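Remember, this note's numbering sits 33 above the position in the sequence shown when you count from 1.
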Amino acid sequence: MQFKKILTIQDISCVGQCSLTVALPVISACGIETCVLPSAVLSTHTSGFKGYTFRDLTEDIPAIKDHWKKEGISFDAIYTGYLGSAKQIGYVADIFAECSGEGTLKIVDPAMADNGKLYPGFDTEFVKAMANLCEKADYIIPNITEACFLTDSEYKTEYDRSYIDSLLLKLTDLGCGTVILTGVSYSKEKTGVVVYKKGDYEYYEHERLPVICHGTGDIYASVFTGALVRGKSPLDASSIAADFTVECIKVTAKDKDHWYGARFEPVLYKLYEMIESK
Ligand code: PXL
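See below:
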């Protein structure tokens with residue numbers, strides 16, 4: 034196996050089972066060296082905790098990038114998640130441009146919204162900057178809420194295929210390569226993910242669990258990235274990510290008091306094999 038190296042850029046939420054505390058173990062478990070660039074340090078994530086601290090690391094990024102360039106460091110893939118500010122997104126675009134080798138995959142999870150709402154602290158300037166970053170990505174992994182903000186579309190909880198198709202078209206118009214749209218559900222019992230590239234629509238449908246679990250988007254995007262970089266097709270990477278995330282949600286649902294994140298740890302040992310055997 035050829036050893037690969039990914040850079041992931043997202044925050045450290047010290048407590049909360051999201052962003053880097055998910056991406057680092059998950060991508061490592063895929064068998065890939067995982068380099069990190071923390072976008073911010075928060076005491077917890079912002080969804081449900083009150084009074085969290087937030088240290089924005091935007092101004093550290095240019096010097097980190099310049100050092101990597103001096104050392105001749107580049108990555109097989111760069112995967113971004115929750116970013117700290119609109120200005121920071123510009124610096125991340127510089128990293129895309131300057132720390133890529135030939136064939137470096139750029140994967141953007143525009144982690145900024147869910148259930149029809151932006152996360153606290155984000156505004157339209159941030160959304161615009163994120164849309165610009167999506168333009169530079171080979172893969173973007175929005176949920177439906179993020180897709181709506183990125184394309185200035187109406188958010189709907191009940192929809193049909195034509196609504197999803199129009200979101201996909203508008204997302205592609207941002208200029209990105211492939212769209213992985215998560216949480217697309219055409220029935221009560223099932224949900225799924227659409228992989229869309231230039232009019233080519235593939236859908237992986239799976240069980241829909243009656244629980245909402247914070248942090249599953251980060252698990253999904255991390256597994257997708259790891260599996261893709263391990264050479265899986267976008268559809269296979271999407272289905273492995275979906276199956277793994279469903280297992281994490283099932284484990285988490287057994288613990289009624291665990292409200293702030295998804296328990297991926299008990300399932301992590303299976304991930305390498307899930308990738309190998311697909
Ligand atoms: O899971 C996405 C995420 C990542 N990082 C921080 C968050 C959230 C979602 O709320 O608040 C800080």
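Even for Gly, the Cβ is constructed at its ideal location relative to N, Cα and C.
The model shown is predicted, which means the values in this text are computed figures rather than measured ones.
- Residue ranges of uninterrupted alpha helix (DSSP H) with 4 or more members, entirely inside the segment 100-175 and ordered along the chain, are 119-131 and 157-168.
- Taking a 10 Å sphere around the C-beta of L207, we find 16 or more other C-beta atoms and assign the residue as buried.
- Distances from the CA of L201 to each of T178, F277 and E222 were compared; the closest alpha carbon is that of T178.
- Spanning the alpha carbons of M307 and L301 requires a straight line of approximately 10 Å.
- Across the set H100, R241, V227 and E280, the C-alpha of V227 shows the shortest separation from the C-alpha of L268.
- With fewer than 16 other beta carbons inside 10 angstroms of its own, Y219 counts as exposed.
- The closest heavy atom of the ligand PXL lies less than 7 Å from the beta carbon of S52.
- Spanning the alpha carbons of A180 and V55 requires a straight line of approximately 23 Å.
- DSSP places E238 inside the beta strand (DSSP E), whose first and last residues are D233 to E240.
- Remark: three or more beta-carbon pairs, one from each stretch, lie closer than 8 Å, so the segment 134-150 and the segment 242-257 are flagged as touching.
- Three or more pairs of CB atoms, one per stretch, sit closer than 8 Å, so the segment 290-305 contacts the segment 58-70.
- In the DSSP secondary-structure assignment, G225 is bridged to V217 and E238.
- Counting of Cβ neighbours within 10 angstroms places T190 among the exposed residues, the total staying below 16.
- The residue among E168, P153, E235 and G105 with its C-alpha nearest the C-alpha of G123 is E168.
- Comparing alpha-carbon positions, the option among T137, K103, I128 and G114 lying closest to L261 turns out to be T137.
- Under the DSSP assignment, F182 falls in the alpha helix (DSSP H) whose first and last residues are I177 to T184.
- In chain order, A146 and V160 place their CB closer than 6 Å to the CB of F182, counting only its own chain and leaving out the 5 sequence neighbours on each side.
- Taking C-beta atoms under 8 Å as the contact rule, I39 and T67 qualify, at a distance of about 6 Å.
- Taking 8 Å as the cut-off, the beta carbon of G49 is found no closer than this to the beta carbon of L90.
- K311 sits away from K283, with the two beta carbons spaced by 8 Å or more.
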